[in-house]
């Protein structure tokens with residue numbers, strides 16, 4: 004599944020073996036910066052993000068969203084489709100008009 008997101012939104016999955024930051028590739032950028040360098044871009048590292056994610060749900064398995072710009076974190080649930088719902092709830096994206104048919 005391909006999802007187009009603002010660079011400050013990251014999707015993280017908690018599995019039995021640990022945490023997985025989903026790979027990000029820029030769709031378009033005017034910066035000559037690695038978009039995966041979270042410390043340079045947002046002043047936060049992966050360990051700090053994981054501490055916040057653990058705080059909101061005690062490390063439940065499933066999907067999480069990190070809004071690195073606003074330093075807000077969300078638990079989505081265990082199904083990948085729940086990420087899409089949570090993104091819509093927090094004002095990112097819109098419902099595809101073709102899905103309403």
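Numbering (the working numbering), first residue to last: 4 to 104. Backbone N, C-alpha and C fix where the C-beta goes; we use that ideal spot for every residue, glycine too. None of the values given here were measured: they were computed from a predicted structure.
{"Asked": "Distance between residue 95 and residue 3 (C-alpha atoms, nearest Å)", "Found": "No answer is possible for residue 3: it lies beyond the span of the chain, which begins at 4 and ends at 104."}
{"Asked": "Residues bridged to residue 38 [DSSP beta-bridge criterion]", "Found": "In DSSP, residue 38 forms no bridge with anything."}
{"Asked": "Buried/exposed call for residue 26, threshold 16 Cβ in 10 Å", "Found": "exposed"}
{"Asked": "Inter-residue spacing [alpha-carbon to alpha-carbon] between residue 120 and residue 69", "Found": "Any property of residue 120 remains undetermined from this structure, which presents the chain solely from 4 to 104."}
{"Asked": "Opening and closing residue of the beta strand (DSSP E) in which residue 23 lies", "Found": "21-24"}
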